[in-house]
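Chains A and B, in that order, are what the protein sequence lines are. Here our numbering is used: the first residue of the first sequence is 1, the next is one more, and so on. Here our numbering is used: the first residue of the second sequence is 1001, the next is one more, and so on. Just so it is clear, CB atoms sit at the ideal spot from N, CA and C, and this is done for glycine as well. Below is one structure, written out as structure tokens; comments come after it.
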Amino acid sequence: MATVTQPVSKKATFSDSLIAIVDRLKTPVFYAILIGWAILCIAPLYFTLVFSLKPVANVYDPPLFWPIPFSLENFRDVIGALPLFPRWLLNSTIISVVVTAFRVLFCAMAGYAFARMEFPLKKFLFTALLISMMIPGQVTLIPNFLVVGPGIIRGGLKIGDLTIPTGFGLMDNLGGVILPGIVAAFGIFMMTQFYKSIPKELEEAAMIDGLGRFGIFFRIVLPISTTQLLTLALLTFQGEWNSFMWPLTILRTPENFTLPIGLNWFRGEYYTLISKVLAGSLFNTLPILIIFFIFQRYFTQSIAGTGLKEG
Amino acid sequence: MAEMVSNRPAGLFRGGNNPEKRKKRSEALTAYVFLLPYLFIFLTFTVFSIGYAFYLSFTRYNLLRPPEWWGLEGYRRVLCLESLLPRGEDAPPLACDDLFIKKALPNTVKYTLIVVPVQTVLSLILAFAMDQKLRFRRLFRTIYYLPSVTSSVVISLIFVWLFSPLGIVNQIFNLDINWLNDPRYAFYTIMILNVFTTSGTLMLIFLAGLQDIPTAIYEAASIDGANKFQVLRYITIPMLRPVVFFVVTVGLIGCFQVFDQIYVMTSGGPLDSTTTVAYLIYKWAFRDTTVKMGQAAALSFILALIILVFTLIQRRIIEGSGSVGSA
């Protein structure tokens, strides 16, 4: 073994002693940082829980840290007495489930085509896909609103006696929130990268057995990509469940609101009933938290993955 | 598909006799069937939309009457450069809207220049701490991700309540600040919220980057007698540079588009102190009593340009300070 000869100088000893100090302090300091930030992360949700378990009348009364007096009235009201809350919950569920189902299927299909098939304009379309991910949503917000809702031309395009509608007429309709979300460039990119990474042998064997592209895709490719599909489904569901700007633009009557839009509207209308808003907030947060705890691995891996792919 | 027998008369398609070409064509057709849903949505909601937004940005459009060609007038009104010139007391009122140049742009730049460095440094420190072989790491990771899983609206509503005059923050720290109604504090409250919600996610990205540095490099450095500061200075930080670039880019794009929190917490107020570019686009297009769709469209392209320029500048800075390119 080669022995390392350290240049002996005053500087080296100084930095050595500094390192010794840092080494001794390192662990407690890092623990303090980790615990401190953990408390900050939990605190808002904890206080939300505590105050949603207090009656409306006592909401500003001490104590701060425990729900005394304790009451389930807010949760009861949110589920029962205020009929709009269950409605919002249902709307949010419908939108999130439908968007997720379509997006996972359509992104997998497009991703498979980009990864495995040869077709004219392939390079061009894939570059267009990558570029489209960099366009801020504000640019397409106004035209998308017009296309989904009132139409590009008010009253439709008139050619002689014929009137052609220039919009989908889905204003204030859950369908209008769903439609532009059924495919996403990011999902296609993710699935393309995945399908490029898996070996072709399985598909080639199936092809020799006489299975067509559709048969291969539905019977072989989809089943072996369940992990990736689940990750995409989780990210999509979370995004749609929490989404705000687009549903806010499309939905106009309280019956059609999603939970985030509804909660914000309710806060504006009845700002004294803050504990109801807090209870409702927990209804928005809990499903995602439960999903997150069950599938944590997929969430964290996908996040770490985005960084690595770019880095 | 390869064995597909065609009953079509030969020569109907160019090269119809050539099985190789026929196979290619059938594959291309299948591929387009797979791409059909995407192409429909992409052409409608991306290609057409961008084109139409570009057209709208040169028009005056209030939804009631058809768009009316306006040339660059919309852009001129958005930029409103004459509002920067010194004006006399009896000068006629401005024929433009100075909300972008006087409020939204400075606010958004200030927001980005504060939030991006703070959340980057904070998440990097957290990632270093998480990278030590400490106990309960998995528990910490789960907790740190909580604010990111919660919806932006819900967390904003909770913050509105926490930072209300009688709220918990004032009670715990014995303060008497009207956080969200005071132009001096409102914007900082929203910045705190943003740092709070994004740092967990960014920490995970940094952590993945740290764990991705090959241990062989560290071993080689320790054999060469490098001390811990040297390892940090000459190995960890340079190796992490691409990840820093990614985190800063994500942060920049997020900050320039901040909307939900502004809408829920302050609606741009008080005294426009929290009006950002993304919020102003929405306000002009959907909230003002006379909607200004054309002007909002013009501003959305200006926003896209600003984001592009900032991304390029920071790429220059980060890549310029070292020779490590994208891995």
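Under 7 Å from the C-beta of residue i: neighbouring residues of chain A
i: B/A1186; result: Here the premise fails: no neighbours, minimum Cβ distance about 17 Å.
i: B/M1293; result: I142
i: B/A1297; result: I142
i: B/T1142; result: Q296
Member of the options whose CA lies at the smallest distance from the CA of residue i
i: B/R1022; options: A/V277, A/N284, A/E118 and A/S302; result: A/E118
i: A/T249; options: A/G149, A/G210, A/V104 and A/A101; result: A/G149
i: A/W332; options: A/L174, A/P165, A/F218 and A/A128; result: Residue coverage of chain A in this structure runs from 1 to 311, which leaves residue 332 of chain A outside it and unanswerable.
i: B/A1127; options: B/F1163, B/Y1279 and B/L1207; result: B/L1207
i: A/I135; options: B/I1155, B/A1053 and B/D1182; result: B/A1053
i: A/V112; options: B/T1249, B/T1120, B/F1034 and B/E1073; result: Per the sequence shown, residue 112 of chain A should be read as Tyr rather than Val. Ranking B/T1249, B/T1120, B/F1034 and B/E1073 by Cα distance to A/Y112 puts B/F1034 first.
i: A/L64; options: B/Y1075, B/I1318 and B/L1166; result: B/L1166
i: B/P1270; options: B/V1291, B/V1243, B/P1183 and B/D1176; result: B/P1183
i: A/I220; options: A/K200, A/G239, A/Q238 and A/L230; result: A/K200
i: A/A312; options: A/V56, A/L141 and A/G187; result: In the structure displayed, chain A extends from 1 to 311; residue 312 of chain A sits before or after that span and is not available.
i: A/V177; options: A/L222, A/P67 and A/T93; result: A/T93
i: B/V1047; options: A/T253, A/A38 and A/P143; result: A/P143
i: A/N256; options: A/T272, A/F295, A/F51 and A/M171; result: A/M171
i: A/K54; options: A/N284, A/F283, A/I274 and A/L232; result: A/I274
i: A/V183; options: A/I198, A/E240, A/I68 and A/A43; result: A/E240
i: A/A81; options: A/P28, A/G280, A/T285 and A/Q296; result: A/G280
i: A/P120; options: B/R1065, B/L1029 and B/D1090; result: B/L1029
i: A/L40; options: B/P1147, B/P1117 and B/I1101; result: B/P1147
Chain-ordered neighbours of residue i on chain A, where CB pairs are closer than 9 Å
i: B/G1200; result: W37 and C41
Residue i at chain A interface by Cβ criterion, 9 Å
i: B/A1083; result: As written in the sequence, residue 1083 of chain B is Ser, which differs from the Ala given in the question. Not closer than 9 Å to any Cβ of chain A, the Cβ of B/S1083 fails to qualify, so no.
i: B/W1179; result: no
i: B/P1214; result: no
i: B/T1030; result: yes
i: B/W1161; result: yes
i: B/F1100; result: no
i: B/M1191; result: no
i: B/V1309; result: no
i: B/Y1282; result: yes
i: B/S1323; result: Caution applies to B/S1323, whose pLDDT of 44 falls short of 50 and renders its modelled position unreliable; the model cannot decide the point.
i: B/L1063; result: yes
i: B/Y1263; result: yes
i: B/I1318; result: no
i: B/T1059; result: no
i: B/S1273; result: no
i: B/I1237; result: no
i: B/A1104; result: no
i: B/Q1132; result: yes
i: B/T1289; result: no
Nearest-angstrom beta carbon gap, residue j and residue i [assumed within contact, 8 Å]
i: B/S1273; j: B/A1186; result: 6 Å
i: B/I1253; j: B/Y1279; result: Wrong, their Cβ atoms sit about 16 Å apart, outside the cutoff.
i: A/T236; j: A/V104; result: 7 Å
i: B/V1248; j: B/I1318; result: 7 Å
i: B/V1153; j: A/F292; result: So it is not a contact: roughly 17 Å between Cβ atoms.
i: A/W66; j: A/V50; result: 7 Å
i: B/N1062; j: B/K1292; result: 7 Å
i: B/E1082; j: B/L1094; result: 7 Å
Partners in chain B for residue i, counting only beta-carbon separations shorter than 8 Å
i: A/G137; result: Q1257
Per-residue contacts from residue i into chain A (C-beta, under 8 Å)
i: B/E1027; result: M117, E118, F119 and R213
i: B/P1147; result: C41 and P44
i: B/F1173; result: Simply none; closest approach about 12 Å.
i: B/K1024; result: E118
i: B/N1227; result: S15, D16 and I19
Test: residue i CB closer than 9 Å to a CB of chain B
i: A/G307; result: Unreliable placement is indicated for A/G307, whose pLDDT of 44 sits below 50; the coordinate value is still reported in the next sentence. Taking Cβ atoms only, chain B reaches closer than 9 Å to A/G307, which makes this a yes.
i: A/P254; result: no
i: A/M171; result: no
i: A/E310; result: Residue placement at A/E310 cannot be trusted, given a pLDDT of 37 that sits under 50; the coordinates are not used to answer.
i: A/R85; result: Looking at the sequence shown, residue 85 of chain A is not Arg but Phe. Closer than 9 Å: no.
i: A/W88; result: no
i: A/R24; result: no
i: A/Q238; result: yes
i: A/T13; result: no
i: A/I21; result: no
i: A/Y60; result: yes
i: A/L278; result: yes
Under 9 Å from the C-beta of residue i: neighbouring residues of chain B
i: A/A113; result: T1030, A1031, Y1032, V1033, F1034, L1035 and Y1038
i: A/R219; result: Within chain B, no residue comes near A/R219; the closest Cβ sits about 15 Å away, beyond 9 Å.
i: A/L289; result: L1146, V1149 and T1150
i: A/M245; result: F1259, D1260, Y1263, A1278 and Y1282
Neighbouring residues, chain D, relative to residue i (Cβ below 8 Å)
i: B/Y1075; result: No chain D appears in this structure, whose protein chains are A and B.
Enumerated in chain order, which unbroken segments of the beta strand (DSSP E) with a length of 3 residues or greater are wholly contained in the region 116-170 of chain A? 157-159 and 162-164
Which runs of the alpha helix (DSSP H) fall wholly inside the region 1258-1288 of chain B and span at least 4 residues, in chain order? 1260-1265 and 1277-1282
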